[in-house]
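In UniProt numbering, the protein residues as written are 11 to 371.
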Ligand code: ATP
């Protein structure tokens, strides 16, 4: 009825030690997190890590084996999907093929008891929000993949849920469209101040759309943070490797001074946030654009290496470099002449922000 027309406040989502078991398989193992109201949080991780199961437990499509789930501060652990005020956009879109676009979107409010007139008005409003005005009478089969995706979003929005869930929403779209649609989803989420949980296995997509990312590995949370925190301060080797590209190098903390650690990597000496480590050997995650290659060999304290491979990619040049600190993957931006394979180079770290000690590695 008309109550569904009222704008709802975005709600928080909280997991407290939530576990999901399927027989002997633990799909989600004592996971805790908070999604703040109006935030878009991505569940990111490799296949089988438990992200879809986590999303389905928010929706109430799977029941937790243990722990507590709260939405807007309300304990919903034992509530069915219908009682949770949550909508989900499925990977397959799950549109009704025999209904028009308008009927697909008006279906939810109708089932919830809205009059036909109200349901149509609500559907028209949401179709306009996702940019589909004018296509109301089409069948889903008469739409492009991107348009079908937008119908699925309108259909999820029409009930004005407290929380909107996306399960790999871009996986049926081609690469170019994916980029556009993810920007559209982000814009809509920010304009409507929606709380969104979003599942993907694509780290670039997660970095692009998220306020925060929950990285999952083997049914547990590996790390939670903003895209920048995860990229610049990975908590472990898994996250360093999964988010962006990283050279994992071995160095040694030779001195600790306040919040800084003096780290020696062969002949290079750098100061980094110590992140709780002690003196002795450490692993470092070094981003490919944090490494500087100098063919003039001018820097006295650099490590010497040799370019093995150079790939010109337009906006960037990618190098493989052999060196005493390991085989390095290096990216240089800007319009430079590529350094030819076989050329000796002096290696140094250009951006200290792209170098992080990995605690506990
Ligand atoms: P993907 O990206 O491949 O969808 P995911 O990270 O979403 O992976 P889940 O689908 O959550 O992973 O699955 C986590 C684990 O739980 C996997 O080992 C999976 O095989 C198992 N699992 C999921 N659903 C069931 C089920 N209904 N019955 C038994 N095991 C299940």
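Virtual Cβ for every residue (Gly too), placed ideally from N, Cα, C.
Is residue i helix, strand or coil when you go by DSSP?
{"i": "residue 241", "result": "helix"}
{"i": "residue 248", "result": "helix"}
{"i": "residue 195", "result": "helix"}
{"i": "residue 68", "result": "helix"}
{"i": "residue 311", "result": "coil"}
{"i": "residue 132", "result": "helix"}
{"i": "residue 316", "result": "strand"}
{"i": "residue 298", "result": "helix"}
Going along the chain, which residues of its own chain have a beta-carbon closer than 6 Å to the beta-carbon of residue i, five neighbours each way excluded?
{"i": "residue 13", "result": "Residue placement at residue 13 cannot be trusted, given a pLDDT of 40 that sits under 50; the coordinates are not used to answer."}
{"i": "residue 276", "result": "313, 334, 335"}
{"i": "residue 75", "result": "29, 30, 31"}
DSSP has residue i in a bridge; who is on the other side?
{"i": "residue 95", "result": "None; residue 95 has no bridge partner."}
{"i": "residue 221", "result": "Answer is none; residue 221 lacks a bridge partner."}
{"i": "residue 342", "result": "327"}
{"i": "residue 213", "result": "DSSP output for residue 213 lists no bridge partner at all."}
Is residue i close to chain B, meaning its C-beta is less than 7 Å from at least one C-beta of that chain?
{"i": "residue 308", "result": "Annotation note: the requested chain B is absent from the structure, which comprises a single protein chain."}
Out of curiosity, what's the CA-to-CA distance linking residue i and residue j?
{"i": "residue 351", "j": "residue 257", "result": "20 Å"}
{"i": "residue 198", "j": "residue 191", "result": "10 Å"}
{"i": "residue 107", "j": "residue 178", "result": "21 Å"}
{"i": "residue 69", "j": "residue 60", "result": "15 Å"}
{"i": "residue 380", "j": "residue 310", "result": "Absent from the structure is residue 380, since the part of the chain shown begins at 11 and ends at 371."}
{"i": "residue 65", "j": "residue 205", "result": "13 Å"}
{"i": "residue 16", "j": "residue 173", "result": "Its pLDDT being 46, under 50, residue 16 is placed unreliably in this model, and the value from its coordinates should be taken loosely. Roughly 15 Å separates the two Cα atoms."}
{"i": "residue 210", "j": "residue 134", "result": "29 Å"}
{"i": "residue 28", "j": "residue 328", "result": "43 Å"}
{"i": "residue 242", "j": "residue 56", "result": "20 Å"}
{"i": "residue 288", "j": "residue 265", "result": "9 Å"}
{"i": "residue 188", "j": "residue 46", "result": "26 Å"}
{"i": "residue 183", "j": "residue 268", "result": "50 Å"}
{"i": "residue 19", "j": "residue 101", "result": "26 Å"}
{"i": "residue 21", "j": "residue 166", "result": "16 Å"}
{"i": "residue 159", "j": "residue 261", "result": "48 Å"}
Mind reading off the beta-carbon distance from residue i to residue j? Whole number of angstroms is fine, and I expect it under 8 Å.
{"i": "residue 44", "j": "residue 24", "result": "5 Å"}
{"i": "residue 223", "j": "residue 232", "result": "Not really, about 10 Å apart at Cβ, beyond 8 Å."}
{"i": "residue 219", "j": "residue 52", "result": "7 Å"}
{"i": "residue 355", "j": "residue 303", "result": "4 Å"}
{"i": "residue 98", "j": "residue 175", "result": "4 Å"}
{"i": "residue 284", "j": "residue 274", "result": "Not quite, the Cβ-Cβ distance comes to about 14 Å (not below 8 Å), so this is no contact."}
Spatial neighbours of residue i within its chain, please: C-beta separation below 7 Å, excluding the five flanking residues on both sides.
{"i": "residue 365", "result": "280, 282, 294, 296, 300, 359"}
{"i": "residue 180", "result": "188, 191, 192, 215"}
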